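Heads up, the thing below is written out as structure tokens.
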Amino acid sequence: AQSVSQHNHHVILSEAASLELGCNYSYGGTVNLFWYVQYPGQHLQLLLKYFSGDPLVKGIKGFEAEFIKSKFSFNLRKPSVQWSDTAEYFCAVNPQTGANNLFFGTGTRLTVIP
Amino acid sequence: DSGVTQTPKHLITATGQRVTLRCSPRSGDLSVYWYQQSLDQGLQFLIHYYNGEERAKGNILERFSAQQFPDLHSELNLSSLELGDSALYFCASSVGLGEGLGNTIYFGEGSWLTVV
């Protein structure tokens, strides 16, 4: 079945540590890829997106993600996390099947310890 | 602020009841989407409307229905509510339909529904 997988359910890091959150998808064909962040009690905010071109995408707040087509992956990275990055992170895929809909992974909760 | 407005922010209701959640998309956006976020199901796509017409259905129960009005606002109607319907319901909007145009979907703050 088509799906979006985020294997890390909960990640705990100390401030200044580097972050990498995994995202794999199983949709074939052309896809658009997104990472959203949800801070406690807030709505989903777009961190970054990939549609085409350079597979290394830079987003807001120092986040970046790399699209590796051969691995069906779109991992999120940040070289040095801050306490304020504590949130839930969702990977999402738009499979470009003719409808502009997002299919989300189950999310990864990031806790950054000061 | 994403520009997508949802009301009410919180709602508590009893089983068997019916509620309506309202969404105003960002100015200029023709597409409206509804998503449900629950602890056990995660974030799930429910339904998509574009310029008043239904475009796609996801995991939406038959007890749920939605519509998009001529002014582009949308309502999600949830009826015969069950305890398991307790969730955060997000509305989102985008300019168009996507299909390679790179439309980004922007989310509202959500409506918390608690069914007791």
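For the protein sequence lines, the chains are Z and G, in the order given. With positions in the first sequence counted from 1, the corresponding number in the working numbering is that position plus 81. With positions in the second sequence counted from 1, the corresponding number in the working numbering is that position plus 251. Virtual Cβ for every residue (Gly too), placed ideally from N, Cα, C. For clarity, every value in this text was computed on a predicted model and none was experimentally measured.
#1: Where do the ends of the beta strand (DSSP E) carrying G/Arg306 lie?
#2: What are the residues that DSSP puts in a beta bridge with Z/Tyr120?
#3: CB-CB under 7 Å to G/Glu434, same chain, minus the five flanking residues each way: which ones, in chain order?
#4: Name the residues in the region 287-303 of chain G whose C-beta lies less than 9 Å from a C-beta of chain Z; which are they?
#5: Taking 7 Å as the CB-CB limit, is Z/Phe148 close to chain G?
#6: With which residues is Z/Asn62 paired in a DSSP beta bridge?
#7: Could you name the residues that DSSP lists as bridge partners for Z/Val193?
#8: Give every residue of the same chain whose Cβ lies closer than 6 Å to the Cβ of G/Ile311, excluding the five residues on either side of it in the sequence, and list them in chain order.
#9: Inspect the CB distances between the region 91-100 of chain Z and the region 322-339 of chain G and report whether three or more fall short of 8 Å.
#10: For G/Phe296, write down the residues that DSSP places opposite it in a beta bridge.
#11: Look at the alpha carbon of G/Leu262 and the alpha carbon of Z/Lys142, and state the distance between them as a whole number of angstroms.
#12: Can you give the Cα-Cα distance for G/Tyr357 and G/Val255, rounded to whole angstroms?
#13: What residues in its chain sit with their C-beta under 7 Å from that of G/Thr355, if we drop five residues either side in the sequence?
#14: Would Z/Ser154 and Z/Asn105 qualify as a contact pair, given that the criterion is a beta-carbon distance under 7 Å?
#15: Which residues of the region 161-190 of chain Z have a Cβ closer than 7 Å to any Cβ of chain B? Give them in chain order.
#16: Starting from the beta carbon of Z/Leu127, find every residue of chain G whose beta carbon is closer than 9 Å, and list them in chain order.
#17: In chain G, what lies closer than 8 Å to Z/His90 by C-beta?
#18: Should G/Pro321 go down as buried or exposed, given a rule of 16 or more other Cβ atoms within 10 Å for buried?
Let me lay it out:
#1: Stepping through the second sequence from its first residue, residue 306 of chain G is reached at position 55. That run of the beta strand (DSSP E) goes Glu304 to Lys308.
#2: The count along the first sequence starts at 1 and reaches residue 120 of chain Z at position 39. DSSP, once it has assigned bridges, lists no residue as partnering Z/Tyr120.
#3: Nothing about residue 434 of chain G can be read from this structure; chain G reaches only from 252 to 367.
#4: Gln288, Gly293, Leu294, Gln295, Phe296, His299 and Tyr301
#5: Walking along the first sequence from the start, residue 148 of chain Z turns up at place 67. Judged by the 7 Å Cβ criterion, Z/Phe148 is not in contact with chain G.
#6: One cannot answer for residue 62 of chain Z here, as it falls past the ends of chain Z, which runs 82 to 195.
#7: As a working note, residue 193 of chain Z is residue 112 in the first sequence. In the DSSP output, where bridge partners are listed per residue, Z/Val193 has Z/Leu94.
#8: Position 60 of the second sequence, counted from the first residue, corresponds to residue 311 of chain G. Once the five neighbours on either side are set aside, the close Cβ partners of G/Ile311 are Leu297 and Ile298.
#9: no
#10: Counting from one through the second sequence, the residue named residue 296 of chain G turns up at place 45. Its beta-bridge partners are G/Tyr286.
#11: As a position in the second sequence, residue 262 of chain G is number 11, starting the count at 1. As a position in the first sequence, residue 142 of chain Z is number 61, starting the count at 1. Cα to Cα, the separation comes out at about 33 Å.
#12: Stepping through the second sequence from its first residue, residue 357 of chain G is reached at position 106. Stepping through the second sequence from its first residue, residue 255 of chain G is reached at position 4. Roughly 7 Å separates the two Cα atoms.
#13: As a working mapping, residue 355 of chain G is identified with position 104 in the second sequence. So the qualifying residues of the chain are Ser345.
#14: Counted from its first residue, the first sequence places residue 154 of chain Z at position 73. Counted from its first residue, the first sequence places residue 105 of chain Z at position 24. Going by C-beta atoms, Z/Ser154 is nearer than 7 Å to Z/Asn105.
#15: As a matter of chain content, chain B is missing from the structure shown, whose protein chains are Z and G.
#16: In the first sequence, counting from the first residue as 1, residue 127 of chain Z sits at position 46. Result: Ser253, Thr355, Ile356, Tyr357 and Phe358.
#17: The sequence position of residue 90 of chain Z within the first sequence is 9, counting from 1. Per Cβ cutoff of 8 Å: no residues; Z/His90 is ~11 Å from chain G at best.
#18: Counting from one through the second sequence, the residue named residue 321 of chain G turns up at place 70. Classification of G/Pro321: exposed, given that the 10 Å Cβ count is below 16.
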